[in-house]
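K.L.:
Heads up: the sequence shown is residues 21 to 514, going by the numbering used here. Can you keep this structure in mind? I'll have questions shortly.
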Amino acid sequence: MVVDSVNKSENSSEVDDKHLEAGNFRGGGDEPGKAIVYSATEKAVLRKIWLRIMPLACIITFLQWIDKYTLNMSAVLGIKEDANINTTQFNFLGSLFYLGYLVIQIPNTYLLQVVPISKFLGVLLILWGVVLACMSQGHDFSSLGGMRFVLGLLEGGSYPSVFLLVATVFRRHELSTAIGALWIANGFASTFGGLIGYGSATLSGRYGMAGWQWIFLIFGVITVFVGLLTLFLLVDTPFHKFLQLTAEEEEVVKERLRDNAVVPTKEFKWSHIFEALRELRFYALVLSSMFMMITNGFFTIYSSSLVASFGFSGLDSVLLQMPNGFISLLSVIVAMWASRRFNQLIYVAVGALSVSGLGLIVTMAIPSGRVKILGTILIHTYGAGYCMLLSVISANVSGYTKKIWYQGAQLIFYTIGNFVGPFLMTSTSGPRYLGPLGGYLACNICASLLLLTARFLMARDNQRKRSQPGFQQAKRDITSNLTDQEDPNFLYRL
Numbered sequence: 021m022v023v024d025s026v027n028k029s030e031n032s033s034e035v036d037d038k039h040l041e042a043g044n045f046r047g048g049g050d051e052p053g054k055a056i057v058y059s060a061t062e063k064a065v066l067r068k069i070w071l072r073i074m075p076l077a078c079i080i081t082f083l084q085w086i087d088k089y090t091l092n093m094s095a096v097l098g099i100k101e102d103a104n105i106n107t108t109q110f111n112f113l114g115s116l117f118y119l120g121y122l123v124i125q126i127p128n129t130y131l132l133q134v135v136p137i138s139k140f141l142g143v144l145l146i147l148w149g150v151v152l153a154c155m156s157q158g159h160d161f162s163s164l165g166g167m168r169f170v171l172g173l174l175e176g177g178s179y180p181s182v183f184l185l186v187a188t189v190f191r192r193h194e195l196s197t198a199i200g201a202l203w204i205a206n207g208f209a210s211t212f213g214g215l216i217g218y219g220s221a222t223l224s225g226r227y228g229m230a231g232w233q234w235i236f237l238i239f240g241v242i243t244v245f246v247g248l249l250t251l252f253l254l255v256d257t258p259f260h261k262f263l264q265l266t267a268e269e270e271e272v273v274k275e276r277l278r279d280n281a282v283v284p285t286k287e288f289k290w291s292h293i294f295e296a297l298r299e300l301r302f303y304a305l306v307l308s309s310m311f312m313m314i315t316n317g318f319f320t321i322y323s324s325s326l327v328a329s330f331g332f333s334g335l336d337s338v339l340l341q342m343p344n345g346f347i348s349l350l351s352v353i354v355a356m357w358a359s360r361r362f363n364q365l366i367y368v369a370v371g372a373l374s375v376s377g378l379g380l381i382v383t384m385a386i387p388s389g390r391v392k393i394l395g396t397i398l399i400h401t402y403g404a405g406y407c408m409l410l411s412v413i414s415a416n417v418s419g420y421t422k423k424i425w426y427q428g429a430q431l432i433f434y435t436i437g438n439f440v441g442p443f444l445m446t447s448t449s450g451p452r453y454l455g456p457l458g459g460y461l462a463c464n465i466c467a468s469l470l471l472l473t474a475r476f477l478m479a480r481d482n483q484r485k486r487s488q489p490g491f492q493q494a495k496r497d498i499t500s501n502l503t504d505q506e507d508p509n510f511l512y513r514l
């Protein structure tokens with residue numbers, strides 16, 4: 021395999037050969053259950069990663085989640101009336117975004133291997149900010165629907181870009197914390213997005229614009245600004261010049277790359293994709309993503325409307341998105357702690373989905389009244405389950421093309437779930453919405469069973485590998501780009 025060289029002075033998504041020379045490592049690297057002791061030098065490297073990569077990565081995920089909530093908030097601020105949109109058309113506005121999101125995923129698999137992440141992501145952010153701002157001038161279903169589809173095309177590359185970058189710079193056992201931080205940014209988006217949305221809505225009438233129009237315009241301008249920062253400042257390779265690594269720190273980065281078995285390369289390997297398609301756990305993981313996102317598809321679009329049905333005003337319903345964001349944020353923090361404390365990812369995910377299921381039951385069981393909002397708040401712990409799913413995929417797939425394929429396929433099923441979710445809601449579902457909520461509860465149960473199936477399959481593979489003669493004795497060069505199946509010493513984190 022050839023790892024293309026790159027000039028360190030450029031924002032490249034590839035790693036220079038010279039940084040990997042003469043490097044052997046144990047294929048499993050960061051073995052599950054094995055204590056990791058950090059040297060002072062590695063602590064310094066980790067600080068640089070957290071301070072110089074993660075803030076901008078978190079801002080990007082924050083903005084993507086905010087963007088999804090703009091339509092949610094606009095639902096109770098007059099967009100349906102102003103654009104003459106009925107419930108079915110509004111459902112399509114939510115789903116057309118994910119249709120664009122779906123279409124772009126296959127091209128993403130290729131583009132992420134040939135275009136530097138900072139350039140790819142920066143251009144996407146700038147363009148989606150422009151489109152989001154333009155949505156403030158959409159006045160009918162056709163114009164709004166077209167822009168929502170384009171918005172999905174542009175945003176479809178953001179999550180895979182950010183998660184691929186995180187999987188490259190962090191050790192495997194660090195991924196649940198790193199991905200958790202990204203999901204915490206989503207929680208902040210729900211919390212402070214509701215506050216910002218409330219403030220934007222109070223501008224209604226200024227310069228002849230309604231409150232929902234101000235929301236699109238303000239967040240669109242902010243996104244363009246962050247896109248410019250990303251284009252020029254995002255650190256997108258482990259040896260980027262902005263990290264200002266010393267010679268000793270570069271040696272530590274080499275070891276971390278050997279540990280996480282992720283080396284960016286432009287060589288596209290079809291064998292990695294064929295291997296993934298033969299794995300039962302692949303289907304279990306991507307289908308679990310779909311079932312979780314069916315629930316997400318509804319609450320991303322309809323949570324404000326659902327809260328309004330409990331007797332709250334439109335503005336109050338926007339403001340009451342803050343508790344949803346807070347519980348999402350808190351549940352991710354607890355999941356991050358539990359996954360590190362007990363060295364378990366999938367059991368923690370199932371626990372989070374169980375709490376979300378309890379929230380669905382509470383919302384259905386209480387006949388009416390504002391107290392129903394307690395159930396809707398609990399429902400949002402499903403985000404912690406999805407966060408753990410992303411950690412499972414990032415930590416347990418080796419081989420660069422295979423990792424990109426897993427992430428891309430997960431996003432395809434993520435998109436399908438979000439596309440389908442709103443359509444369980446109909447104009448006749450109210451006032452208790454028992455049918456849709458019962459459907460989302462069934463989805464939570466299916467997602468949990470699929471996650472447990474994937475865990476069983478990976479645990480069985482771990483047992484098989486441990487029983488092989490010479491386990492954890494053979495070494496290989498990181499540039500061999502072996503997959504987790506090809507590497508006899510790669511152990512899955514469960």
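Every residue, glycine too, gets a C-beta built ideally from N, C-alpha and C. Since the model is a prediction, treat every value here as computed from it, not as a measurement.
1. Ignore the nearest five residues each way along the sequence and tell me which others in F362's own chain have a CB closer than 8 angstroms to its CB.
2. I79 to L398, Cα distance in whole Å?
3. To the nearest angstrom, how far is the alpha carbon of A109 from that of L444?
4. Hey, V352 and I204 are a contact pair by Cβ (cut 8 angstroms); roughly how many whole angstroms apart?
5. Please report the straight-line C-alpha distance between F45 and L97, rounded to a whole angstrom.
6. Thinking V338 and A221 are a contact (beta carbons under 8 angstroms), I'd like their distance in whole angstroms, please.
7. Using the Cα positions of N344 and S291, report the straight-line distance between them to the nearest angstrom.
8. Flag this pair as yes or no: are the beta carbons of L517 and T250 separated by less than 7 angstroms?
9. Counting only the same chain and skipping the five closest in sequence on each side, list residues whose C-beta sits under 7 angstroms from that of T81.
10. Using CA atoms only, rank isn't needed, just tell me which of S115, L477, V65, D504 is closest to I436.
11. Any idea if E34 is buried or exposed, counting beta-carbon neighbours within 10 angstroms, 16 or more meaning buried?
12. Give the C-beta separation of M533 and L164 to the nearest angstrom, bearing in mind that I take them to be a contact with Cβ-Cβ under 8 angstroms.
13. Taking the straight line between their C-alpha atoms, what separation do you get for P136 and L254?
14. Looking at the structure shown, is F45 part of a helix, part of a strand, or coil, going by DSSP?
15. Can you find the residues in the same chain that come closer than 6 angstroms, C-beta to C-beta, to E41, ignoring five residues on each side of it along the sequence?
16. For E287, is the classification buried or exposed, using 16 other Cβ atoms within 10 angstroms of its Cβ as the cut-off for buried?
17. Identify every run of the alpha helix (DSSP H) within the region 101–168, keeping only runs that are complete inside it and at least 4 residues long; order them along the chain.
18. Taking the beta carbon of E295 as the centre, do at least 16 other beta carbons fall within 10 Å, making it buried, or is it exposed?
19. Excluding the 5 residues flanking Y512 on each side, which residues of the same chain have their C-beta closer than 6 angstroms to its C-beta?
20. What residues in its chain sit with their C-beta under 6 angstroms from that of I314, if we drop five residues either side in the sequence?
21. In angstroms with no decimal places, state the Cα-to-Cα distance between L141 and G177.
22. Could you give the distance in angstroms between the alpha-carbon of G219 and the alpha-carbon of F239?
23. Taking only runs that begin and end inside the region 366–393, name each unbroken alpha helix (DSSP H) of 4 or more residues, in chain order.
P.N.:
Taking the geometry as given:
1. Here the set comprises V368.
2. Here the C-alpha atom of I79 lies approximately 25 angstroms from the C-alpha atom of L398.
3. Strictly speaking, residue 109 in this sequence is Gln, with Ala absent from that position. Distance between the alpha carbons of Q109 and L444 is about 14 angstroms.
4. A Cβ-Cβ distance of about 5 angstroms is found for the pair V352 and I204, placing them in contact under the 8 angstroms criterion.
5. Any reading at F45 must be qualified, since the residue scores a pLDDT of 35, below 50, and its modelled position is unreliable; no value is offered.
6. The beta carbons of V338 and A221 sit about 6 angstroms from each other, so the pair counts as a contact at 8 angstroms.
7. Looking at the backbone, the Cα of N344 and that of S291 are separated by about 43 angstroms.
8. The structure shown does not extend to residue 517, since the chain is modelled only from 21 through 514, so no value can be given for it.
9. Within the same chain, T81 has close Cβ partners V182, L202, A205, N206.
10. Per the Cα distances, S115.
11. The pLDDT assigned to E34 is 44, lower than 50, so where the model puts this residue is not dependable; a value taken from the coordinates is nonetheless given after this. It is buried - the Cβ of E34 has at least 16 other Cβ atoms within 10 Å.
12. Coverage of the chain is limited to positions 21 through 514, which leaves residue 533 absent and any answer about it impossible.
13. Between the C-alpha atoms of P136 and L254 there is a straight-line separation of about 10 angstroms.
14. Unreliable positioning characterises F45 in this predicted model, as indicated by a pLDDT of 35, which lies under 50. The coordinate reading is nonetheless provided below. In the structure shown, the three-state DSSP call for F45 is strand.
15. For E41, the pLDDT reaches just 39, beneath the cut-off of 50, and the residue's location in the model is therefore unreliable, although a value from the coordinates is still provided. Short of 6 angstroms from the beta carbon of E41, and not among the five residues preceding or following it, lies no beta carbon of its own chain.
16. So E287 ends up on the exposed side.
17. As summarised for the region 101–168, the continuous alpha helix (DSSP H) elements at least 4 residues long and confined to that stretch are 107–123, 125–134, 137–154, given in chain order.
18. Burial call: buried.
19. Excluding residues within five positions, the ones whose Cβ falls inside 6 angstroms are N416, M478, N482.
20. So the list reads G437, V440, G441, C463, once near-sequence residues are dropped.
21. Between L141 and G177, the C-alpha separation is close to 7 angstroms.
22. The straight-line gap from Cα to Cα measures roughly 12 angstroms.
23. Counting only runs of 4 or more, we get 366–385.
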